[in-house]
Structures are given as structure tokens and as C-alpha cells.
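Engineer: Per the working numbering, the sequence shown starts with residue 1, numbered consecutively.
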Amino acid sequence: MRIGVLPIGKADAAMMVLIKENLARVFPDAACVVIDEKIPLREEAFDKKRKQYQSNVILSEVQGCAFRKTGLNRVLGVVDADIFVPELSFVFGEATCPGKAALISLWRLKPEFYGDAPNMQLFLERALKEAVHELGHTLGLRHCSRSSCVMHFSNSISDTDIKQSLFCDKCYLHVKISINNLG
């Protein structure tokens, strides 16, 4: 499997490299790259009333990139902005399930968002968990009932902190089968 990490808007380039390197640990047979192009955060995605960005609008941009980049099986967009879907007050990410495109937001993963001191290790752990979770959706995985599995739904940052960055045995088996079916 080849995964491209796509920076969106003002997403930090160093963070893209860290996410790429850590994804390679979770998906050991995957080739992970940071995509050279950086797509802008489109103004039409911004909801003035909510002061947040519509994740589906950004995800469609990522999906467009995923279909243009023929050498990649999956594209993970990374944005440093607050995102939402209409039925929730915010989301950490969204993906096509199954599909080629996933999106995570770094905005609410930073300890500073919650009034805590900056902690790069915690920030990276959270980003990795959400990246793996959304990429799991692209492989057809749904939410898992095991709170320690990376595919468990995160309703809050504490849910993200509790789970691991790895799949449970059941979800991992599904991932292996899905990756093998990529050809």
C-alpha cells in the first residue's frame, strides 16, 4: 500500500514528515510519502456562523488529489483548522469508507487547545491515532466497540487518549485482507 500525506493550508511541513514516518510503523508494508503539492484551505469551506470548516468540502479536495496521484492507494489530508460535519459540533477527521481519501485536523489534537502546556509527543500520538483511524475507514473498517482499538470512535480528546494507535486483532485482520486485495 502506498500512502501519501497531503498538507492543506498552513499545516506544518515538519509535522507531515513525523506523521509519514509514524504511519510506516503502523502499516509496516506501506510506503509513505509526503506529497509535494500543498492545497489551499478553500474559503468556501468556511462556515462563518460556526467559525469552522466543513470537512466534507476539504475531503472532496483530498479525494480529487487521490484520483490524480495514480501511484498512491490512499491520500491522507492534514489540515490545521477546526473542522465539522453538520450533525456534530466538531470532528477530528473524516474519510471515504471505503475509498482513497482521508482527512485529519490537527486543531483539537494540540494540548494547548484544552489549556494544557504544549507537548509534542502527546500531540504526535493523537495525530497518529486519528490518521490511522481515518485510513482504517478507507479500508472499509467501521467503528470498533473495543475502547483500546484505534478504530474506536472518539467523541472527545479523552477517547483519543485512551485508545492505542494500533488495530485490535479483529480490525487488523480486516486491514490485512483489505490491503492484500489492493493488488
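A virtual CB, placed ideally from N, CA and C, is assigned to each residue, including glycine.
Given the structure is predicted, the values throughout are model-derived calculations rather than measurements.
Below 8 Å on the Cβ atoms is my guess for Val78 versus Met120; work out the distance and round it to an integer in Å.
Structural biologist: For the purposes of this step, residue 78 is identified with residue 78 of the sequence shown, where counting begins at 1. For the purposes of this step, residue 120 is identified with residue 120 of the sequence shown, where counting begins at 1. In fact, because the Cβ distance is near 16 Å, the residues do not count as touching under 8 Å.
Engineer: Which one of Ile104, Leu103 and Leu122 has the shortest CA to CA distance from Glu112?
Structural biologist: Indexing the sequence shown from 1 puts residue 112 at position 112. The candidate whose alpha carbon is nearest that of Glu112 is Leu122.
Engineer: Measuring straight from C-alpha to C-alpha, what distance separates Leu232 and Gly71?
Structural biologist: Summary: the structure shown does not reach residue 232, with the chain confined to residues 1 through 183, and so no result is reported for it.
Engineer: Start and end of the beta strand (DSSP E) containing Tyr114?
Structural biologist: As a working note, residue 114 is residue 114 in the sequence shown. Where Tyr114 is concerned, there is no enclosing beta strand (DSSP E), given that its DSSP letter is neither H nor E.
Engineer: Under the three-state reduction of DSSP, which class applies to Leu41: helix, strand or coil?
Structural biologist: Locating residue 41 in the sequence shown gives position 41, counting from the first residue. Coil.
Engineer: I need the straight-line Cα distance from Ile177 to Leu141, nearest angstrom please.
Structural biologist: By 1-based counting over the sequence shown, the position of residue 177 is 177. By 1-based counting over the sequence shown, the position of residue 141 is 141. Each residue's alpha carbon lies about 11 Å from the other.
Engineer: Out of Thr138, His133 and Ile58, point me to the one whose CA is closest to Lys163's CA.
Structural biologist: Your numbering for residue 163 matches position 163 in the sequence shown. Comparing Cα positions, the closest option is His133.
Engineer: For the alpha helix (DSSP H) holding Ile157, just list the boundary residues, first then last.
Structural biologist: Counting from 1 along the sequence shown, the entry for residue 157 is found at position 157. Element bounds for Ile157: Ile157 to Ile162.
Engineer: Alpha carbon to alpha carbon, how far is Leu18 from Arg25?
Structural biologist: Taking the first residue of the sequence shown as position 1, residue 18 is located at position 18. Taking the first residue of the sequence shown as position 1, residue 25 is located at position 25. Each residue's alpha carbon lies about 11 Å from the other.
Engineer: Could you tell me the distance, in whole angstroms, from the CA atom of Lys69 to the CA atom of Cys32?
Structural biologist: If you number the sequence shown from 1, residue 69 lands on position 69. If you number the sequence shown from 1, residue 32 lands on position 32. One C-alpha to the other measures close to 13 Å.
Engineer: Indicate whether Tyr53 and Ile83 have their beta-carbon atoms separated by less than 8 Å.
Structural biologist: In the sequence shown, residue 53 corresponds to position 53, counting from 1. In the sequence shown, residue 83 corresponds to position 83, counting from 1. Going by C-beta atoms, Tyr53 is nearer than 8 Å to Ile83.
Engineer: Once DSSP output is grouped into helix, strand and coil, what is the label at Asp80?
Structural biologist: What you label residue 80 is simply residue 80 of the sequence shown in a count that begins at 1. Residue state, collapsed to three classes: coil.
Engineer: Find the nearest neighbour of Glu21 within the set Lys10, Val34, Ala11 and Asp161, judged by alpha-carbon distance.
Structural biologist: What you label residue 21 is simply residue 21 of the sequence shown in a count that begins at 1. The option with the nearest alpha carbon to Glu21 is Val34.
Engineer: Work out the CA separation of Pro118 and Gly99 for me, nearest whole Å.
Structural biologist: Here the question's residue 99 lines up with position 99 in the sequence shown. Here the question's residue 118 lines up with position 118 in the sequence shown. Their backbone Cα atoms lie some 34 Å apart in a straight line.
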